[in-house]
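Participant:
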DNA sequence: TATCAGACAGACCGTTCTGTCTCTTTTGTC
DNA sequence: GACAAAAGAGACAGAACGGTCTGTCTGATA
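Residue numbers (the numbering used here), protein chains in the order written: chain A, 1 to 205; chain B, 1 to 205.
The following block contains the structure:
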């Protein structure tokens, strides 16, 4: 997921050694969950990948479900740092920044370890009447859409909230298409539609 | 999934009693897989839901994986029959038919048993480097996009193939948004973008 | 009535699952 | 070097997994 190797220091707890184990577990679980699916990966596989003891997993996360949530929170944080960082960087006009969205996604899709959106995949393989994962996903998307809406407002677009939701639809659609086809070109389809949405004449047709 | 109760008669095999068991298993597995996720549902749960013997499952499908594929094939067929049937019905202008897409999706999203797209969810919870499920998904989408592209061509739109792919992106995005938020209104966002794409002035902004 | 195919019921097998436990080794600090 | 805390290694329990097998019942055919 184009993860930056931020040696995260959560302010919440513990010694540096404990954090290191926690970090290794999250990283290992993230790799395996994203590629193979959460339910298809057992805790034994996670601790083998992380090189830790099983007790360390349960000491840090309480249960596999706790680990899953921690992975999603961490992945979401890392992804937003990368994406929003690159999106908002510099002092280009807001409209120009909006046009960065799909080239950025294309870079993500081109990563050999791109396996779709961990949040979407997690929701898809769990009970859909359970609100927990869906709420985590909504919270993640809300942060992203808020930044996009701010850009849309700054660009003077009418109904910036609505534009952000429309772009969100395109983003999700591109993620799915890229996951299924393994073709990063799905981002270009989104780009052409976003040009249409943002008022530039479409270059495609 | 708004499934019509077509008492399917596959031309391939067997007595009517055998088909009935096969049908019950597919229906039961479909319900459980869609709601809870494939890997979260065991074969014991499937046979309990279907009211069949475990031997009947393995006689008809060989393995759980065989059942999964049969479920996807059947779900895809039923969904396309419903969706394309309603999309192409009557002799309205092609452009008008294209505008049916998202109201149709809204009806699907409003079903209490809407749990997202079974294909997308299946891909998400299995090994992404395994091509089997991804190819099934691509085949399913290809049929749909071909019908949409034909409509786009009939409507005289330039680059109908491209329009179909763009609409496909919107469809997938709407499905994901509806699954995560459980709000059928995700379809309306798609509708507003499709108006933009099809050349009508957007009513939204 | 005898037969036979198909389905149900469920015991059973080996494996794998999550989660707990004990014991040993490492590590950081005085 | 001594000592306490953390972490590794892995046995273990109980449940659930996918899959196989043996029987019993039923309903149609002859």
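Backbone N, C-alpha and C define an ideal beta-carbon position, used for all residues, glycine too.
1) State yes or no: is the beta carbon of residue 111 of chain A nearer than 9 Å to at least one beta carbon in chain B?
2) With distances taken between CB atoms, is the gap from residue 167 of chain B to residue 148 of chain B smaller than 9 Å?
3) My assumption, with CB atoms under 8 Å, is that residue 186 of chain B sits in contact with residue 109 of chain B. Please give the rounded CB distance.
4) With 9 Å as the threshold, decide whether the Cβ of residue 176 of chain B is near any Cβ in chain A.
5) Can you tell me whether DSSP reads residue 136 of chain A as helix, strand or coil?
6) Is the beta carbon of residue 173 of chain A sitting closer than 9 Å to the one on residue 171 of chain B?
7) Cβ atoms of residue 35 of chain B and residue 206 of chain A: under 9 Å apart, would you say?
8) Terminal residues of the continuous alpha helix (DSSP H) containing residue 60 of chain A?
9) Report the rounded CA-to-CA distance for residue 61 of chain A versus residue 105 of chain B, giving the unit in angstroms.
10) Is it buried or exposed, residue 81 of chain B, if we count other Cβ atoms within 10 angstroms and call 16 or more buried?
11) To the nearest angstrom, how far is it from the Cα of residue 102 of chain B to the Cα of residue 93 of chain B?
12) For residue 64 of chain B, name the three-state secondary structure that DSSP assigns.
13) With a 10 Å radius around its C-beta and 16 neighbouring C-beta atoms as the bar for buried, classify residue 199 of chain A as buried or exposed.
14) In chain B, which residues lie with their C-beta within 8 Å of the C-beta of residue 40 of chain A?
15) Please return the same chain residues whose Cβ sits closer than 6 Å to the Cβ of residue 179 of chain B, not counting the five positions on each side in sequence.
16) Which value, in whole angstroms, describes the spacing of the CA atoms of residue 194 of chain A and residue 89 of chain A?
17) Is residue 41 of chain B helix, strand or coil by DSSP?
18) Do residue 76 of chain A and residue 33 of chain A count as a contact pair if the criterion is CB distance below 9 Å?
19) Just to confirm the assignment: which complete alpha helix (DSSP H) runs, minimum length 4, are found wholly within the stretch 71-123 of chain B?
20) What does residue 134 of chain A touch in chain B if you count any residue whose Cβ is under 7 Å from its own?
21) Can you name the start and end residues of the alpha helix (DSSP H) that residue 160 of chain A belongs to?
22) Using a Cβ-Cβ cut-off of 9 Å, state whether residue 165 of chain B counts as contacting chain A.
23) Looking at chain B, is there any beta carbon in it that lies within less than 9 Å of the beta carbon of residue 119 of chain A?
24) Taking residue 36 of chain B as the query, report the chain A residues whose CB atoms sit under 7 Å from its CB, ordered along the chain.
25) Taking its Cβ as the centre, do 16 or more other Cβ atoms sit within 10 Å of residue 122 of chain A, making it buried, or is it exposed?
26) Which of the three DSSP states, helix, strand or coil, is assigned to residue 150 of chain B?
Facilitator: Taking the definition as stated:
1) Interface criterion not met: the Cβ of residue 111 of chain A is under 9 Å from no Cβ in chain B.
2) It is a contact, given that the beta carbons lie within the stated cut-off.
3) Correct: roughly 7 Å between the Cβ atoms.
4) Flagged as an interface residue toward chain A: residue 176 of chain B, by a C-beta distance shorter than 9 Å.
5) If DSSP states are grouped into helix, strand and coil, residue 136 of chain A belongs with the helices.
6) Cβ distance < 9 Å, so residue 173 of chain A and residue 171 of chain B count as in contact.
7) No answer is possible for residue 206 of chain A: the residues shown for chain A start at 1 and end at 205.
8) Counting along the chain, the alpha helix (DSSP H) containing residue 60 of chain A begins and ends at 54-61.
9) Their backbone Cα atoms lie some 39 Å apart in a straight line.
10) The residue is exposed, with fewer than 16 neighbouring Cβ atoms inside 10 Å.
11) Rounded to whole angstroms, residue 102 of chain B to residue 93 of chain B spans 17 Å at the Cα level.
12) For residue 64 of chain B, the three-state secondary structure derived from DSSP is helix.
13) Exposed.
14) Listed along chain B are 39, 125, 126, 127, each with a C-beta nearer than 8 Å to that of residue 40 of chain A.
15) For residue 179 of chain B, where only same-chain residues beyond five positions count, the Cβ hits under 6 Å are 116.
16) One C-alpha to the other measures close to 20 Å.
17) Residue state, collapsed to three classes: coil.
18) In this structure, residue 76 of chain A does not lie closer than 9 Å to residue 33 of chain A by Cβ.
19) Runs found: 94-98, 101-110.
20) Chain B residues near residue 134 of chain A: 180.
21) Element bounds for residue 160 of chain A: 160-181.
22) Residue contact with chain A for residue 165 of chain B: present (Cβ-Cβ distance below 9 Å to some residue of chain A).
23) Contact with chain B is found for residue 119 of chain A, since one of that chain's Cβ atoms lies less than 9 Å from the residue's Cβ.
24) Within chain A, the residues near residue 36 of chain B are 127.
25) The residue in question, residue 122 of chain A, is buried, as its Cβ has 16 or more Cβ neighbours within 10 Å.
26) Reduced to three states, the DSSP call for residue 150 of chain B is helix.
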